[in-house]
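J.: For the sequence shown, the working numbering gives the first residue as 19, with consecutive numbering after it. By construction, the Cβ of each residue, glycine as well, lies at the ideal position given by its N, Cα and C atoms. Note that this is a predicted model, so its numbers are computed, not measured.
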Amino acid sequence: MKAKTLRVGVVGFGFIGPHHLEAIRRVPFADVTAIATSSEQSARRKAEQYHVEKAYGDWRKMVDDPEIDVIDIATPTHLHAPIAVAAAEAGKAVIVDKPMALTTVEAEQMLEAATRNAVVHAVTFNIRYNIMVQEARARASSGEIGGIRFVRGHYLQEWLLRNTDTNWRIEPDMAGPLAMVADAGAHWYDMVQHITGLRIVRVLADLSRFIHTRFPPEGSSASEFKVEVPDFGLILCELENGARGMFATSALCAGHKNDLTIEVCGAEASLEWRQERPNELWIGHRDQPNQVLLKDPSLLHPDAAAYAALPGGHNEAWSAAFKSLMLNILTFIADGRDPSEADEISFPTFRTGLDVARIIDAIVASSNAGGQWKEVKR
Ligand code: SOE
Numbered sequence: 019m020k021a022k023t024l025r026v027g028v029v030g031f032g033f034i035g036p037h038h039l040e041a042i043r044r045v046p047f048a049d050v051t052a053i054a055t056s057s058e059q060s061a062r063r064k065a066e067q068y069h070v071e072k073a074y075g076d077w078r079k080m081v082d083d084p085e086i087d088v089i090d091i092a093t094p095t096h097l098h099a100p101i102a103v104a105a106a107e108a109g110k111a112v113i114v115d116k117p118m119a120l121t122t123v124e125a126e127q128m129l130e131a132a133t134r135n136a137v138v139h140a141v142t143f144n145i146r147y148n149i150m151v152q153e154a155r156a157r158a159s160s161g162e163i164g165g166i167r168f169v170r171g172h173y174l175q176e177w178l179l180r181n182t183d184t185n186w187r188i189e190p191d192m193a194g195p196l197a198m199v200a201d202a203g204a205h206w207y208d209m210v211q212h213i214t215g216l217r218i219v220r221v222l223a224d225l226s227r228f229i230h231t232r233f234p235p236e237g238s239s240a241s242e243f244k245v246e247v248p249d250f251g252l253i254l255c256e257l258e259n260g261a262r263g264m265f266a267t268s269a270l271c272a273g274h275k276n277d278l279t280i281e282v283c284g285a286e287a288s289l290e291w292r293q294e295r296p297n298e299l300w301i302g303h304r305d306q307p308n309q310v311l312l313k314d315p316s317l318l319h320p321d322a323a324a325y326a327a328l329p330g331g332h333n334e335a336w337s338a339a340f341k342s343l344m345l346n347i348l349t350f351i352a353d354g355r356d357p358s359e360a361d362e363i364s365f366p367t368f369r370t371g372l373d374v375a376r377i378i379d380a381i382v383a384s385s386n387a388g389g390q391w392k393e394v395k396r
């Protein structure tokens, strides 16, 4: 029986904040007891809607609240660093949505503050914890697919298809200079490294833009604006064992709702996972028919089956993955574990977030150099 209920304060309650709250509330020994948004009024309204005890119009007051144990940051990326550093200085565990920060410098500051204050720190690379992604990781890391030679994939969506589509994610001062290449790409770069156990060591980027001016929809208070970020990113990469990778990302692809795909090709077999078919894992063979493994804990590697709460045929996907990640993080905090003992596998810490930020930096450098191979500086 955990000693007491972990009291979590969530900062930011737009798209992802409510999903953080839901995942946290599925952990039996935790609760969201406070939320902070950009105004007292909106915080109160959302706190009432989600039955949250406390509402803050200023996140600093929530960070200073002695009755909050964990600060969970679900704001746009530009606010991650100041909130995370303040929370660490206040001695509170810190959970940050991905990508961790706008820049590597910010990420280093966040890791330094968390380390110096000896607080648990985590980044919600949630997609990793889909059960069949964990099956892919178990098979790749066990060596059963052979040495990794090639990874490929994409993260394609459609919500920026029209020139009237806008969102904070394409505003450089809120989401950085790469938009989807960093925002959605962060998931893929992390998953390559998580599944294969191999680091991305260099990249070559070709970034392009197709919509140069966006016109917010009728009635919007926003005015038309010149787009400064890429609409499309093509990334080649090399892994530390010499394997090669190929990634494409855009939110201008009609029909792709939330299409992250990753394939790992080994010397013996291939594995492919698609987020839009999350309970399946495709297994490619040379000397036997290919397989599509449907999530069934009785057929999975124990490390993957451990993430399944339901038997075969009962779909578990995006929300279940987020719950699994929050359970791993909050269990580690509730058990009073030493933050330096976090293994990066059961949950990604700021060390993983910083590593992905360094990959993104190398992509920026490659693009700025007109598409030259650039090393990931570690
Ligand atoms: C990007 O469009 C995005 O919103 C990511 O930021 C989220 O992490 C992903 O879950 C859905 O797509």
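(1) Am I right that His98 and Ile91 are in contact with their C-beta atoms under 8 Å? What's the rounded C-beta distance?
(2) Comparing alpha-carbon positions, which option in Met198, Ile166, Met192 lies nearest Leu179?
(3) Is Gly161 buried or exposed, if buried means 16 or more other CB atoms sit within 10 Å of its CB?
(4) Please confirm whether Trp177 has its beta-carbon closer than 8 Å to some beta-carbon of chain B.
(5) Taking 7 Å as the cut-off, does the CB of Arg146 come closer than this to any heavy atom belonging to ligand 1?
(6) Over what stretch of residues does the alpha helix (DSSP H) that includes Leu39 continue unbroken?
(7) CB Leu257 to CB Ile166, shorter than 8 Å?
(8) Closest to Thr279 by CA distance: which of Val151, Leu311, Ser342 is it?
(9) With a threshold of 16 other CB atoms inside 10 Å of the CB of His139, please say whether the residue is buried or exposed.
(10) Could you check the C-alpha separation between Phe228 and Val210 for me, to the nearest Å?
(11) Among the candidates Gln59, Leu24, Gly32, whose CA atom is the shortest distance from the CA of Arg43?
(12) Classify Ala324 as helix, strand or coil using the three-state DSSP reduction.
(13) Out of Gly273, Arg217, Pro320, which one is the CA nearest neighbour of Gly260?
(14) Classify Gln152 as helix, strand or coil using the three-state DSSP reduction.
(15) From this set, Glu153, Asp353, Ile53, which residue's C-alpha is nearest His69's C-alpha?
(16) When the distance is taken between beta carbons, is His38 closer than 8 Å to Val28?
(17) Using only CA atoms, which one of Glu107, Ala136, Pro100 lies nearest to Ala125?
(18) Runs of 4 residues minimum, wholly inside the segment 336-395: which ones carry the alpha helix (DSSP H) assignment?
(19) Which residues have their C-beta within less than 5 Å of a heavy atom of ligand 1, listed in chain order?
(20) Closest to Lys392 by C-alpha separation, out of Ile253, Trp336, Val169, would be which residue?
(21) Provide the residue span of the beta strand (DSSP E) that contains Glu256, from first to last.
(22) Quick check on the DSSP output: the beta strand (DSSP E) that includes Glu290 runs from which residue to which?
(23) Which of the three DSSP states, helix, strand or coil, is assigned to Ile188?
(24) Of the residues Asp356, Ala323, Gly109, Leu174, which one's Cα is nearest the Cα of His274?
(25) For the putative contact between Asn346 and Ser364, defined by C-beta atoms under 8 Å, what is the C-beta separation to the nearest angstrom?
T.: Taking the structure as given:
(1) Translated into positions along the sequence shown, residue 98 becomes position 80. Translated into positions along the sequence shown, residue 91 becomes position 73. Indeed they touch by this definition, with Cβ atoms about 6 Å apart.
(2) To locate residue 179, count along the sequence shown from 1; it is residue 161. Nearest C-alpha to Leu179: Met198.
(3) Position 143 of the sequence shown, counted from the first residue, corresponds to residue 161. Label assigned to Gly161: exposed.
(4) Judged by its chain identifiers, the structure shown contains no chain B, having just a single protein chain.
(5) Translated into the one-based positions of the sequence shown, residue 146 becomes position 128. Flag unset: Cβ of Arg146 not near ligand 1.
(6) One-based indexing of the sequence shown puts residue 39 at position 21. Element bounds for Leu39: 35-43.
(7) Reading the sequence shown from its first residue, position 239 is the one you call residue 257. Reading the sequence shown from its first residue, position 148 is the one you call residue 166. Yes, the Cβ-Cβ distance between Leu257 and Ile166 is below 8 Å.
(8) For the purposes of this step, residue 279 is taken as the residue at position 261 of the sequence shown. Cα-wise, what sits closest to Thr279 is Val151.
(9) The sequence position of residue 139 within the sequence shown is 121, counting from 1. Classification of His139: buried, given that the 10 Å Cβ count is 16 or more.
(10) Numbered from its first residue, the sequence shown carries residue 228 at position 210. Numbered from its first residue, the sequence shown carries residue 210 at position 192. Going from the Cα of Phe228 to the Cα of Val210 covers about 28 Å.
(11) Residue 43 sits at position 25 when you count from the first residue of the sequence shown. The shortest C-alpha separation from Arg43 is found at Leu24.
(12) Counted from its first residue, the sequence shown places residue 324 at position 306. Reduced to three states, the DSSP call for Ala324 is coil.
(13) Against the sequence shown, residue 260 aligns to sequence position 242. When Gly273, Arg217, Pro320 are compared, the shortest CA-CA separation from Gly260 is found for Arg217.
(14) By one-based count along the sequence shown, residue 152 stands at place 134. Three-state DSSP puts Gln152 in a helix.
(15) In the sequence shown, residue 69 corresponds to position 51, counting from 1. Checked all of Glu153, Asp353, Ile53; the closest Cα to His69 is Ile53.
(16) As a working note, residue 28 is residue 10 in the sequence shown. As a working note, residue 38 is residue 20 in the sequence shown. Yes, Cβ-Cβ distance for Val28 and His38 is below 8 Å.
(17) Counting from 1 along the sequence shown, the entry for residue 125 is found at position 107. Here the closest residue by C-alpha is Pro100.
(18) List check, alpha helix (DSSP H) in window: 336-352, 368-386.
(19) Asp201, Ala202
(20) Residue mapping note: residue 392 aligns to position 374 of the sequence shown, counting from 1. The option with the nearest alpha carbon to Lys392 is Ile253.
(21) Reading the sequence shown from its first residue, position 238 is the one you call residue 256. Taken as a continuous stretch (DSSP letters only), the beta strand (DSSP E) holding Glu256 covers 250-257.
(22) As a first step, residue 290 must be located in the sequence shown, where it is residue number 272. First-last of the beta strand (DSSP E) with Glu290: 288-292.
(23) Here residue 188 refers to the residue found at position 170 of the sequence shown. Reduced to three states, the DSSP call for Ile188 is helix.
(24) Residue numbering aside, residue 274 sits at position 256 when the sequence shown is read from its first letter. Out of Asp356, Ala323, Gly109, Leu174, Leu174 has the C-alpha closest to the C-alpha of His274.
(25) Within the sequence shown, numbered from 1, the residue matching residue 346 stands at position 328. Within the sequence shown, numbered from 1, the residue matching residue 364 stands at position 346. Asn346 to Ser364, Cβ: 4 Å. Contact.
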